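Asks: Residue numbers 223 to 582, in my numbering, belong to the letters of the sequence shown in order.
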Amino acid sequence: MGQNILDYETVALQDEASVLVIVDQTRLPNETRLLRLTTQKEIWQAIYLLQVRGAPAIGVTAAYGFYLAAKEINTEDYQEFLARLQPAKEYLNSARPTAVNLSWALNRMHRVARCSEALGVAAAKQCLLREARAIQAEDIETCRRIGEYGLSLLKPGYGLLTHCNAGQLATSKYGTATASMYLGQQRGYHFHVYCDETRPLLQGARLTAFELSEAGIDVTLICDNMAASVMKNGWVNAVFTGCDRVAANGDAANKIGTLPLAIAARRFGVPFYICAPTSTVDMETGSGEAIHIEQRPPEEVTDMWYRERMAPEHVKVYNPAFDVTDADLITAIITEYGIVYPPYTQSLAAIMKQKAAQDK
Ligand code: MRU
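#1: For a quick check, are the C-beta atoms of Ala329 and Pro278 less than 7 Å apart?
#2: Within the structure, which residues are defined as neighbours of the ligand MRU by a Cβ-heavy atom distance below 5 Å, reported in chain order?
#3: Going by DSSP, what residue range makes up the alpha helix (DSSP H) through Val282?
#4: Considering only C-alpha positions, which residue in the set Lys395, Trp266, Lys293, Ala450 is nearest to Arg488?
#5: Taking the alpha carbon of Pro565 as the point to measure from, which residue in Cys417, Ile556, Asp550, Lys577 has its own alpha carbon closest?
#6: Measuring CB to CB, does Ala292 end up less than 7 Å from Leu350?
#7: Hey, could you find the ends of the beta strand (DSSP E) Phe544 is sitting in?
#8: Quick one: measure Cβ to Cβ for Asp548 and Asp473, integer angstroms, because I've assumed they're closer than 8 Å.
#9: In three-state DSSP terms, what is His414?
#10: Put Tyr300 into one of helix, strand or coil per three-state DSSP.
#11: Count the other CB atoms, across all protein chains shown, that sit within 10 Å of the CB of Pro499; report buried if there are 16 or more and exposed otherwise.
#12: Do you know how far the Cα of Ile439 is from the Cα of Gly381?
#13: In the DSSP output, which residue or residues are listed as bridge partners for Ile496?
#14: Closest to Gln247 by CA distance: which of Ala401, Met532, Gln390, Thr398 is it?
#15: Do you know whose CA, among Thr480, Thr430, Ile556, Pro378, lies nearest His412's CA?
#16: Just grab the DSSP bridge partners of Gln236 for me.
#17: Per DSSP, which residues does Leu256 bridge with? Please list them.
#18: In whole angstroms, what separates the C-alpha of Tyr495 from that of Gly464?
#19: In chain order, what residues of the same chain lie with their CB nearer than 8 Å to the CB of Leu250, ignoring the 5 residues before and after it?
#20: Pull up the distance between the alpha-carbon of Arg367 and that of Arg531, whole angstroms please.
#21: Short of 6 Å in beta carbon distance, which residues of its chain neighbour Ala354, apart from the five on each side in sequence? Order them along the chain.
#22: So, does the stretch 296 to 307 touch the stretch 332 to 347, judging by three or more C-beta pairs under 8 Å?
#23: Considering Leu228, what are the terminal residues of the alpha helix (DSSP H) in which it resides?
#24: Going by the beta-carbon positions, is the gap between Met453 and Ala486 smaller than 7 Å?
#25: Could you give the distance in angstroms between the alpha-carbon of Ala460 and the alpha-carbon of Glu436?
#26: Determine, using beta carbons only, whether Val468 and Val503 come nearer to each other than 7 Å.
#27: What residue does the beta strand (DSSP E) around Thr261 start on, and which one ends it?
#28: How should Ala268 be labelled, buried or exposed, when 16 other C-beta atoms within 10 angstroms of its C-beta is the threshold for buried?
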């Protein structure tokens, strides 16, 4: 019997070999293929091509990518070391624009590099390795805490609906939106999870339905356009989704198709929760209007997953990878520091202040 997908690390550094090993998420669930990334280009491509994806996992990958870039720089001159790190940071940061965890992780790594000058280049590289490992370890604990807070909102036997993959594969363990499902499973909650297939890249069908089934959770796969009916039938007690960037006013960018779920949830009186680590909260971005939404190739809509092309040649395609759910449609945002309720401008500022105080 093959290894359970949940036993794999989404991202793993083999430091002695200077290799970053990821599970190629474009091959799941049919094939569990490990990719060994060594160059900056390979790491960039793995993020761009969604071989590794999901906001926290992208952040962890970028942190290790930054460390590997630093490791390759052969100089004793600290200013040269810093100067050569800058383009590496910008390059990795250009792989995907919407998930703030990418720039968050790179900025955190860059800060460590800038603050380690007194130690010299060799010791600074060790500090960067420790920081990247810390980002990964914190991600596990963060997801676990999000899961505990999320579970406090749920009752045994609940029907839950989720979108895209905010699962273990999108993080270092547990996932964000799925963390409460995993903890509930361990504690006998017997949730019924409806999982949107998530057009066009099918992260829900290929990844979430897969990892939840592997965990023994009762999961039902639906097409995205079935979610409103499932809610109308009364089968959903709460919607739990992940997030790529929360603006300071609580507007939240997540996988395209999240906004219609929030609208339907409001219509049918179902609470709609966004699960977001504070690394996904971007207090520099005032509202959803300022969030850069990634546009992706038309072939993802017209050709991919079909035996043959399913759209007329040359038809215009609009393929945004994310949408923004307006803050007033979000019942609460579940972070690792607690559950944040409207008005978000105040509550998010307060939780970020609390985090800053604890980090000191
Ligand atoms: O394009 P993807 O697959 O990276 O999109 C992922 C999502 O939208 C997730 O919900 C989000 O990154 C949160 S992952 C914990």
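Backbone N, C-alpha and C fix where the C-beta goes; we use that ideal spot for every residue, glycine too.
These numbers were taken from a predicted model, which means no experiment stands behind them.
Replies: Reading off the structure:
#1: Taking the first residue of the sequence shown as position 1, residue 329 is located at position 107. Taking the first residue of the sequence shown as position 1, residue 278 is located at position 56. According to the sequence shown, residue 329 is Asn rather than Ala. Against a cut-off of 7 Å, the Cβ pair of Pro278 and Asn329 comes out as no contact.
#2: This criterion selects Arg275, Gly276, Ala277, Cys386, Ala388, Ala392, Thr398, Gln425, Gly464, Asp466, Asn476, Lys477.
#3: In the sequence shown, the residue the question calls residue 282 occupies position 60. For Val282, the enclosing alpha helix (DSSP H) starts and ends at 277 to 294.
#4: Taking the sequence shown and counting its residues from 1, one reaches residue 488 at position 266. Nearest to Arg488 by C-alpha distance, out of Lys395, Trp266, Lys293, Ala450, is Ala450.
#5: Counting from 1 along the sequence shown, the entry for residue 565 is found at position 343. Per the Cα distances, Asp550.
#6: As a position in the sequence shown, residue 292 is number 70, starting the count at 1. As a position in the sequence shown, residue 350 is number 128, starting the count at 1. Note that the C-beta distance between Ala292 and Leu350 is below 7 Å.
#7: The residue you call residue 544 lines up with position 322 of the sequence shown. From DSSP, the beta strand (DSSP E) with Phe544 extends over 544 to 547.
#8: If you number the sequence shown from 1, residue 548 lands on position 326. If you number the sequence shown from 1, residue 473 lands on position 251. Right, their Cβ atoms sit about 6 Å apart.
#9: The residue labelled residue 414 in the question sits at position 192 within the sequence shown. Taken through DSSP and simplified to helix, strand or coil, His414 comes out as strand.
#10: Reading the sequence shown from its first residue, position 78 is the one you call residue 300. DSSP places Tyr300 in helix when its eight states are reduced to three.
#11: Locating residue 499 in the sequence shown gives position 277, counting from the first residue. Around the CB of Pro499, 16 or more other CB atoms lie within 10 Å, so the residue is classed as buried.
#12: Numbered from its first residue, the sequence shown carries residue 381 at position 159. Numbered from its first residue, the sequence shown carries residue 439 at position 217. Each residue's Cα considered, the two are about 12 Å apart.
#13: Taking the sequence shown and counting its residues from 1, the one referred to as residue 496 is at position 274. Ile496 is bridged to Thr463, Ile555.
#14: Position 25 of the sequence shown, counting from 1, holds the residue named residue 247. Just measuring C-alpha positions, the residue of Ala401, Met532, Gln390, Thr398 sitting nearest Gln247 is Gln390.
#15: One-based indexing of the sequence shown puts residue 412 at position 190. Of Thr480, Thr430, Ile556, Pro378, the smallest CA-CA separation from His412 is found for Pro378.
#16: By one-based count along the sequence shown, residue 236 stands at place 14. The bridge partners DSSP lists for Gln236 are Val241.
#17: Residue mapping note: residue 256 aligns to position 34 of the sequence shown, counting from 1. Note: Leu256 sits in a beta bridge opposite Val245.
#18: The sequence position of residue 495 within the sequence shown is 273, counting from 1. The sequence position of residue 464 within the sequence shown is 242, counting from 1. For Tyr495 and Gly464, the distance between alpha carbons rounds to 9 Å.
#19: As a first step, residue 250 is located in the sequence shown; it is residue number 28 there, counting from the start. So the list reads Ile227, Leu391, Arg428, Leu429, Phe432, once near-sequence residues are dropped.
#20: As a first step, residue 367 is located in the sequence shown; it is residue number 145 there, counting from the start. As a first step, residue 531 is located in the sequence shown; it is residue number 309 there, counting from the start. Their backbone Cα atoms lie some 44 Å apart in a straight line.
#21: In the sequence shown, the residue the question calls residue 354 occupies position 132. Excluding residues within five positions, the ones whose Cβ falls inside 6 Å are Ala285, Tyr286, Tyr289.
#22: Contact holds between the stretch 296 to 307 and the stretch 332 to 347, because three or more Cβ pairs, one in each stretch, are under 8 Å apart.
#23: For this step, residue 228 is matched to residue 6 along the sequence shown. Per DSSP, Leu228 belongs to no alpha helix (DSSP H) and is neither H nor E.
#24: The residue given as residue 453 occupies position 231 in the sequence shown. The residue given as residue 486 occupies position 264 in the sequence shown. The answer is yes: Cβ separation under 7 Å.
#25: The residue given as residue 460 occupies position 238 in the sequence shown. The residue given as residue 436 occupies position 214 in the sequence shown. Ala460 and Glu436: Cα-Cα distance of roughly 22 Å.
#26: Position 246 of the sequence shown, counted from the first residue, corresponds to residue 468. Position 281 of the sequence shown, counted from the first residue, corresponds to residue 503. Yes. Within cutoff.
#27: Position 39 of the sequence shown holds residue 261. Premise fails: Thr261 is in no beta strand (DSSP E) and is neither H nor E.
#28: For the purposes of this step, residue 268 is taken as the residue at position 46 of the sequence shown. Counting every other CB atom within 10 Å of its CB across the protein chains shown gives Ala268 a total of 16 or more, marking it as buried.
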